[in-house]
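Q: Residue numbers (the working numbering): 12 to 341. For glycine and all other residues, C-beta sits at the position ideal for the given N, C-alpha and C. No experiment lies behind these values; they were computed from the predicted model shown.
1. Is it buried or exposed for residue 289, if we count other Cβ within 10 angstroms and need 16 for buried?
2. Looking at C-alpha atoms only, which residue of 108, 308, 329, 244 is the closest neighbour of residue 284?
3. Per DSSP, residue 238 is paired with what?
4. Are the beta-carbon atoms belonging to residue 222 and residue 92 less than 7 Å from one another?
5. Per DSSP, what kind of secondary structure is residue 86 in: helix, strand or coil?
6. Compare the Cα-Cα distances from residue 294 to each of 108, 239, 316 and report the closest residue.
7. Please return the same chain residues whose Cβ sits closer than 7 Å to the Cβ of residue 161, not counting the five positions on each side in sequence.
8. Restricting to runs no shorter than 4 residues, where is the alpha helix (DSSP H) found entirely within the segment 137-193?
9. Whole angstroms is fine: what's the gap from residue 326's alpha carbon to residue 187's?
10. Could you give the residue range of the alpha helix (DSSP H) that holds residue 300?
11. What do you get for residue 203, buried or exposed, if any count of 16 or more other CB atoms within 10 angstroms of its CB means buried?
12. Grab me the residues of residue 126's own chain with a C-beta within less than 6 Å of its C-beta, minus the 5 sequence neighbours each way, in chain order.
13. According to DSSP, simplified to helix, strand and coil, what is residue 30?
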């Protein structure tokens, strides 16, 4: 919604909770219900005045708007994700979408953002002063009635049409870690590897949207060695409400590819050294290079360790590439 009033384009997108006339007609119905309800509640005898409060509440119904969201996937994803290569700068575009969502959410008519909360409390404060003055002039009875009616008139407006936006915090955290990994790969790759960013896209109510990210360092030259490259992945560990990246690199090769079998790896720290874990699945052989983690720590990969993991993985991958008959130099 615009700063003070919705534009015609915004009005056309509003999804009202109850059927009724156009926007102007809804405003008229709401205003009539508010005016009649407040008049009854403030001026009529108590038994007749009570229905006035019900009219005030009913006046909100013609204006009640369903929740609004610009989350690209909606509330419930419909399909599994598909990994696709993407262009450089995807993280900048994700952050731009998130910033645009924050600007869209910064409306004074909703309590879920700071501007809306300040507006609501400011209006309640001003109205409270007016109500107090009216009570001094017209008596305690009117003061008590207004103290009941005003919150019923004002507060529901700030719960109407609540907005939700996209918060891809985990994706952003992964993207920052992968950007560091890419810098390290470009410095250590020596032209043997080509970086390819990958995003996992999930189908949702508003089309496809990213939910995960990886970095593929694929061989710059094709040969018969079976070497597929080094894939950099990030998992998220949440510690006391804060997300931290745990990055690792996976050396990949087809069946028959000679995996390196290092007894120990240089890098890491004394408590959390780098380790290598071989495996095989679906005709693909792999070696995971990661930082050792246990109940004493190591579940967060710092920038220095990110660079070290990538450098070690590329060195091992290059050695295995050469040992398998590839064209990279050992």
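A: Result, derived from the coordinates:
1. For the purposes of this step, residue 289 is identified with residue 278 of the chain shown, where counting begins at 1. Exposed, since its Cβ has fewer than 16 Cβ neighbours within 10 Å.
2. Translated into the one-based positions of the chain shown, residue 284 becomes position 273. Comparing Cα positions, the closest option is 308.
3. Here residue 238 refers to the residue found at position 227 of the chain shown. For residue 238, which the question treats as bridged, DSSP gives the partners 264.
4. As a first step, residue 222 is located in the chain shown; it is residue number 211 there, counting from the start. As a first step, residue 92 is located in the chain shown; it is residue number 81 there, counting from the start. Yes, the pair counts as a contact, with Cβ atoms nearer than the cut-off.
5. Taking the chain shown and counting its residues from 1, the one referred to as residue 86 is at position 75. At residue 86 the pLDDT is 39, less than 50, meaning the model places this residue with poor confidence and gives no usable figure here.
6. The residue labelled residue 294 in the question sits at position 283 within the chain shown. Residue 294 has its Cα closest to that of 239, out of 108, 239, 316.
7. Within the chain shown, numbered from 1, the residue matching residue 161 stands at position 150. So the list reads 138, 142, once near-sequence residues are dropped.
8. 151-165
9. On the chain shown, position 315 is the one that residue 326 refers to. On the chain shown, position 176 is the one that residue 187 refers to. Distance between the alpha carbons of residue 326 and residue 187: 23 Å.
10. Working through the chain shown from its first residue, we reach residue 300 at position 289. Unbroken run through residue 300 is the beta strand (DSSP E), 295-302; no alpha helix (DSSP H).
11. Taking the first residue of the chain shown as position 1, residue 203 is located at position 192. Result: buried.
12. Sequence index remark: in the chain shown, residue 126 carries index 115 (1-based). Closer than 6 Å at the Cβ level, and outside the excluded window around residue 126, lie 117, 119.
13. Here residue 30 refers to the residue found at position 19 when the chain shown is read from its first residue. Reduced to three states, the DSSP call for residue 30 is coil.
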